[in-house]
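Colleague: After the structure tokens below, expect a handful of questions from me.
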Amino acid sequence: MRAKLAEMRGDEAGPAPSTAAPVVMRLVDLPDPPLRLIVDGRSFDLVNQMNQARAEEYRAWEHRSRLAPG
Numbered sequence: 003m004r005a006k007l008a009e010m011r012g013d014e015a016g017p018a019p020s021t022a023a024p025v026v027m028r029l030v031d032l033p034d035p036p037l038r039l040i041v042d043g044r045s046f047d048l049v050n051q052m053n054q055a056r057a058e059e060y061r062a063w064e065h066r067s068r069l070a071p072g
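For the sequence shown, our numbering begins at 3 and goes up steadily by one.
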């Protein structure tokens, strides 16, 4: 997963500002805009993959997490 994240750095770090700006500007008029927005389909897919990997890791160690009372 870190390799994929490294791919997104530099010039490949998302859409060009000229294409991202109109999307972001649409948030201004929303009554309840999101605190975070993933702009670009490739970035969205990568974030979903990273979240899925993180959730799988949490599940793998869930039994240890639940050993502590509380």
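Positions of the beta carbon are idealized from the N, C-alpha and C atoms, including for glycine.
1. If the criterion is Cβ atoms closer than 7 Å, does the pair V41 and P17 meet it?
2. My assumption, with CB atoms under 8 Å, is that L39 sits in contact with L32. Please give the rounded CB distance.
3. Under a three-way DSSP split, which group does L72 fall into?
4. How long is the line joining the alpha carbons of R56 and F46, rounded to whole angstroms?
Modeller: Reading from the atomic positions:
1. Translated into the one-based positions of the sequence shown, residue 41 becomes position 39. Translated into the one-based positions of the sequence shown, residue 17 becomes position 15. Taking 7 Å as the Cβ cut-off, V41 and P17 qualify as a contacting pair.
2. Here residue 39 is taken as the residue at index 37 of the sequence shown, counted from 1. Here residue 32 is taken as the residue at index 30 of the sequence shown, counted from 1. Wrong, their Cβ atoms sit about 10 Å apart, outside the cutoff.
3. Here residue 72 refers to the residue found at position 70 when the sequence shown is read from its first residue. Residue identity differs from the one stated: residue 72 is Gly in this sequence, not Leu. Correct three-state label for G72: coil.
4. Indexing the sequence shown from 1 puts residue 56 at position 54. Indexing the sequence shown from 1 puts residue 46 at position 44. So the alpha carbons of these two residues sit roughly 15 Å apart.
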